[in-house]
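Enquirer:
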Amino acid sequence: MAGGLMLTQHKPWHTEGCVIEDGTAIVNANGEKVDEANALTAVMVSQEYTDDQGEHLYQIGNDRYLLKNAVTLNPDLWQKALRAGQEPFSLNAENINQVWWGMQSGCEPAALLEGLHLKGYAIELDYLTFLKEMPRAADFNPNHGFGGEPDQDMPGHFEAIYPKPLVAWAQKYAPVRDVSGLTADEMPALLQQKKPLVAYVTVGFETPEWGDYSFGRAMGNNHAVLVDGYFGELLHVSDPIDGRYWLSLARFKRAYDARRWAVEIG
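My numbering applies: residue 11 is where the sequence shown begins, and numbers increase by one.
(1) Which partner residues does MET229 have in the DSSP bridge list?
(2) Output yes or no for whether 8 Å exceeds the beta carbon distance between ILE275 and LEU83.
(3) Using the DSSP secondary-structure output, state which residues sit across from GLU46 in a beta bridge.
(4) Along the alpha helix (DSSP H) that carries GLY95, what are the first and last residues, could you check?
(5) In whole angstroms, what is the alpha-carbon distance linking HIS20 and THR34?
(6) What would DSSP say about ALA12, mapped onto helix, strand or coil?
(7) To which residues of the same chain is ALA132 closer than 8 Å at the C-beta, ignoring the five residues directly before and after it?
(8) Which residue wins for smallest C-alpha separation from VAL235, given the options LEU76, ALA209 and GLN203?
(9) Beta-carbon within less than 6 Å of ASN105's beta-carbon, same chain only, minus the 5 sequence neighbours each way: which residues are those?
(10) Measure the Cβ-Cβ separation of GLY116 and GLN108 and say whether it is below 8 Å.
(11) Work out the CA separation of THR18 and PRO218 for me, nearest whole Å.
(12) With a cut-off of 8 Å on the beta carbons, I'd call LEU207 and VAL237 a contact; round off their distance for me.
(13) Would you call GLN63 buried or exposed, if buried means 16 or more other Cβ atoms sit within 10 Å of its Cβ?
(14) Would you say the stretch 70-88 touches the stretch 54-62, given that touching needs at least three Cβ pairs under 8 Å?
(15) Indicate the three-state DSSP secondary structure (helix, strand or coil) for PHE150 in the structure shown.
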């Protein structure tokens with residue numbers, strides 16, 4: 011972690027959480043360790059920040075921060091899974107912060123590259139180089155390719171790329187398949203096979219917002235994340251906007267079940 015903290019565009023969706031690992035470092039705004047916390051330590055989260063490397067942190071006090079990925083905001087579900095004798099399972103994908111790279115859009119290629127790197131593919135490519143190779147749709151239809159440019163938000167464009175063209179592009183780098191229709195409850199079985207999933211959801215896992223576009227009806231708050239872990243009634247994601255974190259299956263389904271679009275990397 012480095013210094014230079016900036017507020018994120020989204021506030022924490024809940025304020026009560028708990029630490030999930032023993033010996034978790036508590037740091038100040040300069041990234042210096044000032045204390046540590048053990049698993050199941052209760053914390054109150056007030057704000058979310060990113061540092062100058064794009065890493066996400068929660069503020070838990072005056073000049074005291076924890077890595078977002080070291081905290082769950084679903085402490086009841088976490089403890090329920092522990093009581094059931096389960097263990098957290100995570101493939102530990104990297105996070106590509108599209109905002110840090112200066113991209114308003116571009117979540118699908120970011121999530122895809124996270125998964126490719128996890129599986130050992132396209133490791134020579136960084137995010138910006140990868141974006142240059144992404145197919146664009148001349149008609150700005152995300153069913154045909156990326157509907158614009160990821161660093162722009164232009165009227166008449168739809169800056170996203172849907173599963174079919176995403177898979178056609180991704181297959182140039184790795185074995186990838188469209189598994190749309192997959193339920194969220196079926197995802198852990200694929201993760202056990204070390205197959206991460208690009209899942210089409212909504213920004214911030216908020217309620218889907220539908221609108222009419224030149225190519226048909228679509229979700230205006232479209233987003234994509236990489237699903238790379240599970241634990242009881244929780245999933246772990248690497249989110250190109252909001253970082254790495256655990257969230258409840260119920261919250262995930264609220265966004266994912268609107269379309270059930272997913273791409274398997276493996």
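The beta carbon of each residue, even a glycine, is placed where N, CA and C say it ideally should be.
Expert: Quick look at the numbers:
(1) TRP220
(2) no
(3) ALA35
(4) Premise fails: GLY95 is in no alpha helix (DSSP H) and is neither H nor E.
(5) 24 Å
(6) Annotation note: pLDDT 49 at ALA12 (below 50); position unreliable, no value reported.
(7) LEU123, LEU126, PHE140, TYR183 and ALA184
(8) ALA209
(9) SER248, GLY253 and ARG254
(10) yes
(11) 21 Å
(12) 4 Å
(13) exposed
(14) yes
(15) coil
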